[in-house]
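Residue numbering for the sequence shown is 42 to 97, as defined by my numbering. From the three backbone atoms N, C-alpha and C, an ideal C-beta is built for every residue, glycine too. For clarity, every value in this text was computed on a predicted model and none was experimentally measured. Presented below is the structure to which this report refers.
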Amino acid sequence: MKKIAYIEIDTHAEIAQAFIDIMKGAQDFAVDYYFSKKLKIRWFRMMNPYSYQTVL
């Protein structure tokens, strides 16, 4: 099994989500994900557009 480190610092949460979706079924790869706080907040807002909470 090959390991991949996916590091996302400050781009679009949609790109990270697309990579997660692609790698979900991959049996030959193990992925460690590292996301910045800023990206986590964007991702939360993308996944919960009607929520006024933030992720810290």
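Note down, in chain order, each residue of its chain lying with its Cβ closer than 7 Å to the Cβ of residue i, except the 5 sequence neighbours on either side.
i, result
"F60", "Y47"
Measuring only the C-alpha atoms, how far is residue i from residue j?
i, j, result
"M87", "D73", "21 Å"
"L97", "I82", "Residue placement at L97 is flagged as unreliable, the pLDDT there being 49, under the threshold of 50; the coordinate-derived value follows with that caveat. Using only the alpha carbons, I get a separation of about 7 Å."
"M64", "A57", "11 Å"
"P90", "Y75", "23 Å"
"A54", "A71", "20 Å"
Terminal residues of the continuous alpha helix (DSSP H) containing residue i?
i, result
"A59", "A54 to M64"
"I50", "Taken as a continuous stretch (DSSP letters only), I50 belongs to no alpha helix (DSSP H), as it is neither H nor E."
Examine chain C for any beta-carbon lying closer than 9 Å to the beta-carbon of residue i, and answer yes or no.
i, result
"W84", "In summary, chain C is missing from the structure at hand, where a single protein chain is found."
How about residue i and residue j: do their beta carbons lie closer than 9 Å?
i, j, result
"S77", "I45", "no"
"M42", "D62", "no"
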